[in-house]
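Q: Every letter in the sequence shown is one number past the one before it in this note's numbering, and letter 482, counting from 1, is 465. Yeah, the Cβ is synthetic: ideal placement off N, Cα and C, and Gly gets one too. Everything numeric in this text was worked out from a predicted model, so none of it was measured.
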Amino acid sequence: MNVPATDRFTVSDAVNMYGLDGWGNGYLAVADDGNLLVTPSRDPSRSIVVLRIVEDLARRGIKTPVLLRFPQLLEGQVSELAAAFSNAIREFSYAERYLPVFPIKVNQQRSVVEGLVSSGWKHGLGIEVGSRPELLAAIALETPPDAVLICNGFKDPDYLSSAALATRLGKQVIVVVEKPFEVEQILRLAEEERALLRIGFRIRLQSRGSGKWEKSGGVASKFGLSTLQLLRALDRLTEAGLGPQIALLHFHIGSQVTEIRRVKNAVREAARVYAKVRKRGAGVSFLDVGGGLGIDYDGSKTSSDASVNYTVQEYANDVVFGIAEVCAEEHVPPPVIVSESGRMLVGYHAMLVVDVRGAISGIEPDPPALTGREAQVVQDLAEVSRKISVKNYREFYHDAIEYRDQAHSLFNLGMLSLDERAKAETLFWEIAGKAVRFSKTAKFVADEFVELEQRLHDKYLCNFSVFQSLPDHWALDQLFPVIPIHRLNEPPSRRATLVDITCDSDGEVAKFVDLKDIKDALEVHDLRPGEPYYLGFVLVGAYQDTMGDMHNLFGRVHEAEVVLDPLGRALIRDVRRGEPAGDTLACFGYGESDLVESVAAGLREKVSRGEIPREDADGLLDDYRQRLTHYTYLD
Ligand SMILES: *Cc1c(COP(=O)(O)O)cnc(C)c1O
-16 MNVPATDRFT VSDAVNMYGL DGWGNGYLAV ADDGNLLVTP SRDPSRSIVV
34 LRIVEDLARR GIKTPVLLRF PQLLEGQVSE LAAAFSNAIR EFSYAERYLP
84 VFPIKVNQQR SVVEGLVSSG WKHGLGIEVG SRPELLAAIA LETPPDAVLI
134 CNGFKDPDYL SSAALATRLG KQVIVVVEKP FEVEQILRLA EEERALLRIG
184 FRIRLQSRGS GKWEKSGGVA SKFGLSTLQL LRALDRLTEA GLGPQIALLH
234 FHIGSQVTEI RRVKNAVREA ARVYAKVRKR GAGVSFLDVG GGLGIDYDGS
284 KTSSDASVNY TVQEYANDVV FGIAEVCAEE HVPPPVIVSE SGRMLVGYHA
334 MLVVDVRGAI SGIEPDPPAL TGREAQVVQD LAEVSRKISV KNYREFYHDA
384 IEYRDQAHSL FNLGMLSLDE RAKAETLFWE IAGKAVRFSK TAKFVADEFV
434 ELEQRLHDKY LCNFSVFQSL PDHWALDQLF PVIPIHRLNE PPSRRATLVD
484 ITCDSDGEVA KFVDLKDIKD ALEVHDLRPG EPYYLGFVLV GAYQDTMGDM
534 HNLFGRVHEA EVVLDPLGRA LIRDVRRGEP AGDTLACFGY GESDLVESVA
584 AGLREKVSRG EIPREDADGL LDDYRQRLTH YTYLD
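(1) Using only alpha-carbon positions, find the residue among GLN212, SER204, LYS262, ALA254 that is nearest to GLY237.
(2) If ALA173 and VAL158 are in contact, beta carbons under 8 Å, what's the gap, nearest whole angstrom?
(3) Exposed or buried, ASN(-15), counting other C-beta atoms within 10 Å across all chains shown (16 or more means buried)?
(4) Check the C-beta distance from PHE234 over to ILE186 and give it rounded, since I have them as a contact under 8 Å.
(5) Please classify ASN(-15): does DSSP put it in a helix, a strand, or coil?
(6) For ASN395, count neighbouring Cβ atoms within 10 angstroms of its own Cβ and tell me buried if that reaches 16, exposed if not.
(7) Where do the ends of the alpha helix (DSSP H) carrying MET530 lie?
(8) Return helix, strand or coil for TYR298, following the three-state DSSP convention.
(9) For TYR516, which residues from the same chain have a beta carbon less than 6 Å from its beta carbon, with the 5 sequence-adjacent residues on both sides left out?
(10) Relative to ligand 1, is the shortest distance from any of its heavy atoms to the C-beta of LEU3 smaller than 7 Å?
(11) How far does the beta strand (DSSP E) with LYS442 in it reach, from first residue to last?
(12) CA-CA distance, LEU217 and ARG181?
(13) Can we say the region 567 to 574 touches the region 489 to 497, given the rule of at least three CB pairs closer than 8 Å?
(14) Does the Cβ of SER324 lie closer than 7 Å to at least one heavy atom of ligand 1?
(15) Would you call the region 443 to 459 and the region 497 to 504 touching, i.e. three or more CB-CB distances under 8 Å?
(16) Scan the region 45 to 119 and note each continuous beta strand (DSSP E) run of 3 residues or more that stays entirely inside, going in chain order.
(17) With VAL433 and ARG477 assumed to form a contact (beta carbons below 8 Å), what rounded beta-carbon distance in angstroms separates them?
(18) Report yes if the CB atom of PHE75 is closer than 8 Å to the CB atom of PHE304, and no otherwise.
(19) What are the start and end residues of each continuous beta strand (DSSP E) run of 3 or more residues lying completely inside the region 514 to 601, in chain order?
(20) Taking ASP271 as the reference, which of VAL89, GLU58, PHE520, VAL250 has the closest Cα?
(21) Just to confirm, are THR22 and TYR10 a CB contact at a threshold of 8 Å?
(22) With distances taken between CB atoms, is the gap from GLY330 to GLY5 smaller than 8 Å?
(23) Could you give the distance in angstroms between the alpha-carbon of LYS105 and the alpha-carbon of ARG470?
(24) Can you check whether the CB of SER290 is closer than 8 Å to the CB of GLU242?
(25) I need the straight-line Cα distance from SER324 to ARG93, nearest angstrom please.
(26) Can you tell me which of MET398, LEU335, LEU220 puts its alpha carbon nearest to the alpha carbon of ALA651?
(27) Closest to ASP528 by CA distance: which of CYS570, PRO454, ALA584 is it?
(28) Per DSSP, which one or two residues make a beta bridge with CYS486?
(29) If we ignore side chains and look at the alpha-carbon of each, how far apart do GLN239 and ASP279 end up?
(30) Between which residues of its own chain and GLY2 is the CB-CB distance below 8 Å, once the five residues before and five after are set aside?
(31) Can you tell me whether DSSP reads GLN239 as helix, strand or coil?
(32) Write down every uninterrupted run of the alpha helix (DSSP H) in the region 284 to 353 whose length is 4 residues or greater and which is fully enclosed by it, in chain order.
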């Protein structure tokens, strides 16, 4: 569908149209020449031109789709989080410190974790793990001496021995008991191991989060100890002489909590539990408020699923103040506050750039001419198309539906040729397009035309896989902002939904962030022949890297790390090639040599029967072998 073009479209119109200032958190801007900029220091005069990076990479053979990582945005986020808590601690004269912890499941990429740890070193940034493999990674990471290593997730003896190893290596390990039976395992380990673990408890709160991940909290959650289980576990460990090891209480009410009220309630409830546990004599000194600090993906600052109705500072204030107040009322010393913010720390740092390969349009730009000898029903449709107007569009559109159905019946009876069928279909969509355009002049657009417009949107075919690169969009309808990385000084003349190159109809993005609503199509520019058109999926740094799958054997995309040097130049570091086809095949049991051998055997047979010349066979086999090394995405 066409978007009415305005005369003087400027880059600030583009900023408003895509809502960049709402969701960019100061890290994105648009240059006067229409290029999208990344501004790691939030200063538009010191920026990375995304298109230049994409072109530069393409010259080195790293073509789109490519995931760009901006490590300086990780640093920006760690600093923002630490500063918010330090402001709150100062403001409320809180007597203890704050320690941030990165839950590694949100992005386990080594470069991301190491970048975060070095940026967060001065703030004592630690790691939270939720599985044994994650723990094995964390053990090998160098972290600040005061940082904690929080061990969540299901534990077996192997997990606990690994935690004991981390303790021996000098890490401040806290093993969080999530299930009652883990207490006995810890006791068994304590008998065998010299390294004494510090112990925490994940508690099940009455309070719940809000948004898509609301089920993670509350009394029916799959995680945490009930009050009775907590009391029994405390007693059991104390009896066994492990009382002094009890260090932490933990809760997590789910990710992307959209309402600050939910955070406040949960913090107060947990602080109350902390105070009571202390009064029973346990030496708990840490309160871990889990994750949940959300990102404003649509920029609306509301409690809608894609947004949050609070700022990072407000979050920190409410956590610190809530804990301080409860501790004062209960006359217990305040705990060290730990938070496990993952999404907030890494969400901004990555952008997926894809190239658009073509448009699939509902309306045929080049309709066949009528000869006048077509069946009556085709002539009728042509007449409707000629005469439809703003005064009669509803009635005429309904007539067109009738003629279309008639044409369909006639074709099924063998009374309409394939040519006539083609003309009838084309005319029908032409009429539908006109009807939608006329319907826009009315004060209230009837539902029928709203739905029709949705069906008429262009589909832009994008070179990527939703399943690999935007799994949360597929699985949970999570919205991510999408914006062209160039031509933002031109009015986008079309509206389109985006489809990927998998052969799955779910591989589609048909919902887009909007300040007031959810948009059913994205404003995009016309495709120009021979010229690439690139879209950026932004804020994809949290969870998307790790949850993606290999639907249709499209594997990991190329990646590149981009930084701004002190002189303001953009530098590409650490290019990592995406998986070649041979690797994605190997994951499913198709060993490269087996594949090559089978093809070779097939060719030998053809050669022996004289069906393929010997000299061709060698070339064909080489081609096949070569293709196994190619990128899985469209070239
Ligand atoms: C997933 C998870 C987090 C991270 O939550 P975010 O909302 O991404 O900050 C923190 N803690 C635990 C226990 C988790 O499972």
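A: A quick look at the data gives this:
(1) SER204
(2) In fact, because the Cβ distance is near 11 Å, the residues do not count as touching under 8 Å.
(3) With a pLDDT of 49 at ASN(-15), under the threshold of 50, the modelled position of that residue is not reliable, and no figure is offered here.
(4) 5 Å
(5) Note that ASN(-15) scores a pLDDT of 49, beneath 50, so its modelled location is shaky; the value from the coordinates is reported in the next line. Note: ASN(-15) maps to strand in three-state DSSP.
(6) Exposed, because fewer than 16 other Cβ atoms sit within 10 Å of the Cβ of ASN395.
(7) 527 to 530
(8) helix
(9) Here TYR516 has VAL339, LEU510 as same chain residues with Cβ atoms under 6 Å from its own Cβ, once five neighbours each way along the sequence are excluded.
(10) no
(11) Taken as a continuous stretch (DSSP letters only), the beta strand (DSSP E) holding LYS442 covers 441 to 445.
(12) Approximately 13 Å, taken between the alpha carbons.
(13) no
(14) yes
(15) Between the region 443 to 459 and the region 497 to 504, the count of C-beta pairs closer than 8 Å stays below three; the two stretches do not touch.
(16) 49 to 52, 81 to 86, 109 to 112
(17) Not quite, the Cβ-Cβ distance comes to about 18 Å (not below 8 Å), so this is no contact.
(18) yes
(19) Counting only runs of 3+ residues, the beta strand (DSSP E) found wholly inside the region 514 to 601 occupies 517 to 520, 541 to 547, 553 to 559, in chain order.
(20) VAL250
(21) yes
(22) Taking 8 Å as the cut-off, the Cβ atoms of GLY330 and GLY5 do not count as close.
(23) 41 Å
(24) no
(25) 18 Å
(26) Nothing in the structure corresponds to residue 651, since the chain is present only between -16 and 618.
(27) PRO454
(28) Partner(s): none; CYS486 has no beta bridge.
(29) 9 Å
(30) So the list reads ASP281, GLY282, PRO464, VAL496, ASP497, LEU498, once near-sequence residues are dropped.
(31) DSSP places GLN239 in the coil class of the three-state scheme, outside both helix and strand.
(32) 295 to 313, 326 to 329
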